[in-house]
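Asks: In UniProt numbering, the protein residues as written are 1 to 445. Ideal Cβ placement from N, Cα and C applies to all residues, glycine included.
(1) Is residue 11 helix, strand or coil when you go by DSSP?
(2) Quick one: what does DSSP say residue 351 is sitting in, helix, strand or coil?
(3) Reducing DSSP to helix, strand and coil, say where residue 429 ends up.
(4) Residue 211 lies in the alpha helix (DSSP H); which residues open and close that run?
(5) How would you label residue 427, buried or exposed, when you count the other beta carbons within 10 angstroms and need 16 or more for buried?
(6) Which whole-angstrom value describes the C-beta separation of residue 175 and residue 109, a residue pair presumed to lie in contact below a C-beta threshold of 8 angstroms?
(7) If contact is defined by three or more beta carbon pairs under 8 angstroms, each pair taking one atom from either stretch, is the region 397–412 in contact with the region 357–366?
(8) Residues in the same chain with beta-carbon distance under 7 angstroms from residue 349, minus the five sequence neighbours each way, listed in chain order, please.
(9) By Cβ distance below 8 angstroms, which residues in the same chain neighbour residue 251 in space, the five residues on each side in sequence not counted?
(10) If residue 244 and residue 330 are in contact, beta carbons under 8 angstroms, what's the gap, nearest whole angstrom?
(11) Can you check which of these residues, 18, 402, 300 and 267, is closest to residue 59 by C-alpha distance?
(12) Mind checking who residue 360 pairs with in its DSSP beta bridge?
(13) Would you mind reading off the limits of the beta strand (DSSP E) that contains residue 381?
(14) Can you tell which of 292, 203 and 94 has its C-alpha closest to the C-alpha of residue 124?
(15) Buried or exposed for residue 218, please, with buried defined as at least 16 other CB atoms from any protein chain shown within 10 angstroms of its CB.
(16) According to DSSP, is residue 373 part of a helix, a strand, or is it coil?
(17) Which whole-angstrom value is the C-beta distance of residue 92 and residue 211, which I expect to be below 8 angstroms?
(18) Below 8 angstroms CB to CB, which residues in the same chain sit around residue 343 once its five sequence neighbours on both sides are set aside?
(19) By DSSP's criteria, residue 218 is part of a beta bridge. Which residues make up the other side?
(20) Rounded to a whole number of angstroms, what is the C-alpha to C-alpha distance between residue 309 and residue 316?
(21) In the DSSP assignment, find the unbroken beta strand (DSSP E) run with residue 390 in it and report its ends.
(22) Identify the continuous beta strand (DSSP E) that holds residue 26 and give its terminal residues.
(23) With C-beta atoms as the reference, is residue 198 less than 9 angstroms away from residue 209?
(24) At 3 residues or longer, what runs of the beta strand (DSSP E) sit wholly inside the region 140–219?
(25) Just the Cα atoms here: how many angstroms apart are residue 27 and residue 8?
(26) I need the boundaries of the beta strand (DSSP E) containing residue 330, first residue and last residue.
(27) What three-state label does DSSP hand residue 278 in the structure shown?
(28) Is residue 184 buried or exposed, if buried means 16 or more other CB atoms sit within 10 Å of its CB?
(29) Which first and last residues belong to the alpha helix (DSSP H) in which residue 288 is found?
(30) Would residue 446 pass as a contact of residue 278 if the rule is Cβ separation under 9 angstroms?
(31) Just checking: is the beta-carbon of residue 402 within a distance shorter than 9 angstroms of some beta-carbon in chain D?
(32) Can you grab the Cα-Cα spacing for the pair residue 62 / residue 129, in whole Å?
(33) Taking only the alpha-carbon atoms, compute the straight-line gap between residue 246 and residue 239 and give it to the nearest angstrom.
(34) Express the C-alpha separation of residue 393 and residue 230 in angstroms, rounding to a whole number.
(35) Please classify residue 380 as buried or exposed, where buried requires at least 16 other C-beta atoms within 10 Å of its C-beta.
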């Protein structure tokens with residue numbers, strides 16, 4: 001039997017808190033899960049610093065990737081049962097696409113690094129490009145498994161993730177405004193954070209999902225389930241992903257890695273005990289795939305623990321603040337009050353803090369639904385006569401939030417600036433008071 005078609009003698013299952021069972025039926029999927037590159041995802045948290053706010057959010061990229069695979073498998077099953085192709089070009093589902101869809105779903109996040117988005121910002125890495133490299137590089141176990149299907153198969157899987165695969169149905173399963181990736185991370189993140197914001201009726205959405213020639217659409221009878229998904233996504237971004245304390249810890253992490261990089265460039269920490277040798281290629285901007293795959297959350301956390309003992313007091317203090325969860329405080333500002341921030345930074349400097357490392361401006365905005373994306377990215381509803389209509393034109397709820405960004409801009413600063421006279425030495429009390437006169441009800445005034 002060709003490797004492409006090889007099924008396990010008996011399907012294997014992963015017990016999962018979100019999907020109950022995740023079913024593994026193809027040999028190639030099990031082999032991909034058992035590669036060292038995929039197993040590395042067990043050591044990378046899905047939500048990064050959010051676990052310092054929502055203590056249950058200890059789940060990993062590994063569990064999310066399995067969940068995206070499972071949702072994609074269910075979509076393929078539904079399409080094959082109810083919408084199998086009968087003639088070439090009829091816009092229905094060709095089940096020969098199943099394997100490339102399942103592999104792309106499983107591997108879509110394999111290029112993520114530790115504390116991925118912060119790490120990318122400091123070291124100019126790109127997890128999507130690295131995902132494609134892991135899939136297509138002959139040096140990886142993942143590539144060796146995929147090549148058993150055919151020499152071209154790794155590039156086909158990578159092209160799904162890069163959105164260049166010729167079948168838009170397969171691409172939109174993994175990447176669109178309502179896809180297997182988003183549906184799993186909303187449900188999984190809601191479960192592990194202990195919140196209900198991200199819950200929606202996955203079973204109903206999968207039931208009303210159907211293929212058409214330009215991708216995937218939804219039966220209009222399922223509009224309310226799709227609305228629920230859009231609102232759930234909106235709430236998760238506002239309440240979980242944009243939480244100010246999680247963003248504060250990201251700021252500290254960002255400054256910690258930035259300081260370590262600058263110390264390295266000035267040669268001040270290269271010879272210290274437990275120098276971060278695995279990070280040297282990134283400090284030098286000369287890393288390769290092998291260097292990247294050596295990193296996970298545990299690697300960085302070990303370095304942070306050593307940096308607490310650094311001879312550089314700023315590096316040591318930032319490591320302490322990150323590991324021991326000492327977040328910066330923050331307040332909102334707008335274009336009118338933005339001009340006050342330089343004055344606040346001066347006061348922070350007078351209080352003994354280096355404003356480069358102990359202040360930050362951070363904005364977080366999300367577009368809950370964009371009706372103005374190119375037509376293939378919109379959510380299309382199929383009417384009884386087979387005609388398509390875009391979601392926001394028939395849903396008053398979605399129309400109300402369509403194209404509208406939501407979020408805020410925040411100024412982050414040391415908690416010590418909110419101290420009162422009885423908490424601290426009198427020397428800094430006038431500085432603290434002057435700082436606090438500019439704050440009211442979580443805003444700069």
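Replies: Taking the geometry as given:
(1) Mapped onto the chain shown, residue 11 falls at position 11. Three-state DSSP puts residue 11 in a strand.
(2) As a first step, residue 351 must be located in the chain shown, where it is residue number 351. Correct three-state label for residue 351: coil.
(3) The count along the chain shown starts at 1 and reaches residue 429 at position 429. Reduced to three states, the DSSP call for residue 429 is helix.
(4) Looking up residue 211 in the chain shown gives position 211. Membership of residue 211 in any alpha helix (DSSP H) is not indicated; the residue belongs instead to the beta strand (DSSP E) covering 209–212.
(5) Indexing the chain shown from 1 puts residue 427 at position 427. Counting C-beta atoms within 10 angstroms of its own C-beta, residue 427 has fewer than 16 neighbours from the protein chains shown and is therefore classed as exposed.
(6) As a first step, residue 175 is located in the chain shown; it is residue number 175 there, counting from the start. As a first step, residue 109 is located in the chain shown; it is residue number 109 there, counting from the start. Actually they do not touch by this definition, with Cβ atoms about 12 angstroms apart.
(7) Between the region 357–366 and the region 397–412, the count of C-beta pairs closer than 8 angstroms reaches three or more; the two stretches touch.
(8) By 1-based counting over the chain shown, the position of residue 349 is 349. Only residues of its own chain outside the window of five on either side were considered, and among them 355 have a CB closer than 7 angstroms to the CB of residue 349, listed in chain order.
(9) Numbered from its first residue, the chain shown carries residue 251 at position 251. Taking C-beta separations shorter than 8 angstroms and ignoring five residues to either side along the sequence, the partners of residue 251 in its chain run 328, 360, 362 and 412, following chain order.
(10) Position 244 of the chain shown, counting from 1, holds the residue named residue 244. Position 330 of the chain shown, counting from 1, holds the residue named residue 330. So it is a contact: roughly 5 angstroms between Cβ atoms.
(11) As a working note, residue 59 is residue 59 in the chain shown. Among 18, 402, 300 and 267, the Cα nearest to that of residue 59 belongs to 18.
(12) Indexing the chain shown from 1 puts residue 360 at position 360. Note: residue 360 sits in a beta bridge opposite 412.
(13) Counting from one through the chain shown, the residue named residue 381 turns up at place 381. Note, residue 381: beta strand (DSSP E), 380–382.
(14) Counting from one through the chain shown, the residue named residue 124 turns up at place 124. Out of 292, 203 and 94, 292 has the C-alpha closest to the C-alpha of residue 124.
(15) As a first step, residue 218 must be located in the chain shown, where it is residue number 218. Note on residue 218: 16 or more other CB atoms within 10 angstroms of its CB, so buried under the neighbour-count rule.
(16) Numbered from 1 along the chain shown, position 373 holds the residue referred to as residue 373. Annotation note: pLDDT 46 at residue 373 (below 50); position unreliable, coordinate value reported separately. Coil.
(17) Within the chain shown, the letter at position 92 stands for residue 92. Within the chain shown, the letter at position 211 stands for residue 211. About 6 angstroms; that satisfies the 8 angstroms criterion.
(18) Counting from 1 along the chain shown, the entry for residue 343 is found at position 343. Answer for residue 343: 438, listed in chain order.
(19) Within the chain shown, residue 218 is the residue found at index 218, counting from 1. In the DSSP secondary-structure assignment, residue 218 is bridged to 209 and 381.
(20) Residue 309 sits at position 309 when you count from the first residue of the chain shown. Residue 316 sits at position 316 when you count from the first residue of the chain shown. C-alpha separation (whole angstroms): 6 angstroms.
(21) Taking the chain shown and counting its residues from 1, the one referred to as residue 390 is at position 390. For residue 390, the enclosing beta strand (DSSP E) begins and ends at 388–390.
(22) The residue given as residue 26 occupies position 26 in the chain shown. Segment 20–26, the beta strand (DSSP E) holding residue 26.
(23) Locating residue 198 in the chain shown gives position 198, counting from the first residue. Locating residue 209 in the chain shown gives position 209, counting from the first residue. For residue 198 and residue 209, no; Cβs fall outside 9 angstroms.
(24) If we require 3 residues or more, the beta strand (DSSP E) runs fully inside the region 140–219 come out as 209–212 and 215–219.
(25) For this step, residue 27 is matched to residue 27 along the chain shown. For this step, residue 8 is matched to residue 8 along the chain shown. If I take the Cα positions, the gap works out to 6 angstroms.
(26) By 1-based counting over the chain shown, the position of residue 330 is 330. Where residue 330 is concerned, the enclosing beta strand (DSSP E) stretches over 329–332.
(27) If you number the chain shown from 1, residue 278 lands on position 278. Note: residue 278 maps to helix in three-state DSSP.
(28) Here residue 184 is taken as the residue at index 184 of the chain shown, counted from 1. In this structure residue 184 is buried. Its beta-carbon is surrounded by 16 or more other beta-carbon atoms within 10 angstroms.
(29) As a position in the chain shown, residue 288 is number 288, starting the count at 1. No alpha helix (DSSP H) contains residue 288, which DSSP labels as neither H nor E.
(30) The requested residue 446 does not occur in the structure, where the chain is confined to residues 1 to 445.
(31) The structure shown contains no chain D; it holds only a single protein chain.
(32) Within the chain shown, residue 62 is the residue found at index 62, counting from 1. Within the chain shown, residue 129 is the residue found at index 129, counting from 1. Going by the C-alpha atoms only, they are around 19 angstroms apart.
(33) To locate residue 246, count along the chain shown from 1; it is residue 246. To locate residue 239, count along the chain shown from 1; it is residue 239. Between residue 246 and residue 239, the alpha-carbon positions lie close to 11 angstroms from each other.
(34) Position 230 of the chain shown, counted from the first residue, corresponds to residue 230. Position 393 of the chain shown, counted from the first residue, corresponds to residue 393. Distance between the alpha carbons of residue 230 and residue 393 is about 15 angstroms.
(35) Reading the chain shown from its first residue, position 380 is the one you call residue 380. With 16 or more Cβ atoms within 10 Å of its Cβ, residue 380 is classed as buried.
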